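Just so you know, the sequence shown maps onto residues 7 to 185 in this note's numbering.
Every residue, glycine too, gets a C-beta built ideally from N, C-alpha and C.
Quantities reported herein were computed from a predicted structural model and do not represent experimental measurements.
Structure first, commentary second.
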Amino acid sequence: MHRKVLLLSGLLLACAFAFAQDEPQGPVRPRIPIKPDKQTQKSEPAPDQKDTSGQASSKESRGDTSAPLGDAQEHPDSTLNGPGEMHVWNPHKADKDVEIGDYHMKRKNYSAAESRYREALLYQNNNGAAIYGLAQVLEKQKKNDEAAEFYELYLKTLPHGPQAESVRSALQRLKVQSP
7 MHRKVLLLSG LLLACAFAFA QDEPQGPVRP RIPIKPDKQT QKSEPAPDQK
57 DTSGQASSKE SRGDTSAPLG DAQEHPDSTL NGPGEMHVWN PHKADKDVEI
107 GDYHMKRKNY SAAESRYREA LLYQNNNGAA IYGLAQVLEK QKKNDEAAEF
157 YELYLKTLPH GPQAESVRSA LQRLKVQSP
């Protein structure tokens with residue numbers, strides 16, 4: 007008895023599935039484009055109407071993006087002479103550059119390490135690890151004057167930092183070598 011019930015229910019299920027597959031699909035309804043609200047649409051004046059507000063649209067004229075008059079005299083140390091490459095504050099990118107700089111430093115590829123430490127300072131100018139690493143690389147490359155500048159910058163940034171004692175001894179060593 008149970009066997010017949012199972013067989014009939016299986017047959018009924020198979021027929022229902024076959025019937026659903028054979029049934030023709032109806033025509034596909036075309037998509038109706040959604041019209042934006044009247045508030046979000048730009049309303050442009052008709053060509054024969056003039057804008058009497060007296061202000062130019064942004065399409066007609068662009069704003070003046072040049073530096074103010076006398077700006078070069080007021081800020082002589084500024085290196086931006088126009089629209090150039092500007093780096094945003096990105097400590098994560100700076101930390102990654104320091105990590106790669108440390109890798110190059112261990113492999114004694116000093117020019118690549120210097121490049122990475124400088125790039126890290128573009129993204130975070132007060133990154134102590136980048137300042138210290140750059141100073142070490144410059145010292146290894148016998149660029150002692152520049153290395154001393156970065157060692158001093160490290161002490162200004164992190165006077166009691168983790169490398170402060172080694173920085174002070176490096177500065178003493180560089181001052182002895184200078185004369």
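Is it the case that the CB of residue i approaches a heavy atom of the ligand COA more closely than 8 Å?
i    : result
E155 : For the ligand COA, the structure offers nothing, since it holds no ligand at all.
Which first and last residues belong to the alpha helix (DSSP H) in which residue i is found?
i    : result
N150 : 150–163
H98  : 97–112
L127 : 116–129
Q142 : 134–146
L177 : 170–183
Just confirm the distance between the C-beta atoms of residue i and residue j, as a whole number of angstroms; I'd bet it's less than 8 Å.
i    : j    : result
V94  : A119 : Not confirmed; about 23 Å, so no contact.
E152 : L177 : No, E152 and L177 are not in contact; Cβ-Cβ is about 13 Å, not under 8 Å.
D108 : G139 : 7 Å
V104 : Y123 : 7 Å
A126 : N133 : 6 Å
Let's test the definition: count the other Cβ atoms within 10 Å of the Cβ of residue i and tell me whether it reaches 16, buried, or not, exposed.
i    : result
E145 : buried
L14  : exposed
A20  : exposed
A22  : exposed
Q169 : buried
Among the options, which one has its Cα closest to the Cα of residue i?
i    : options               : result
L128 : L18, K162, K99        : K99
M111 : A154, V11, K162, Q147 : Q147
N96  : N131, K114, E80       : N131
F156 : E80, S121, V173       : V173
L163 : I106, R113, A135      : Residue 163 is actually Thr in this sequence, not Leu. Cα-wise, what sits closest to T163 is A135.
R179 : A154, K114, L12, L18  : A154
Q183 : K10, P165, N150       : N150
I137 : G167, Q79, M7         : G167
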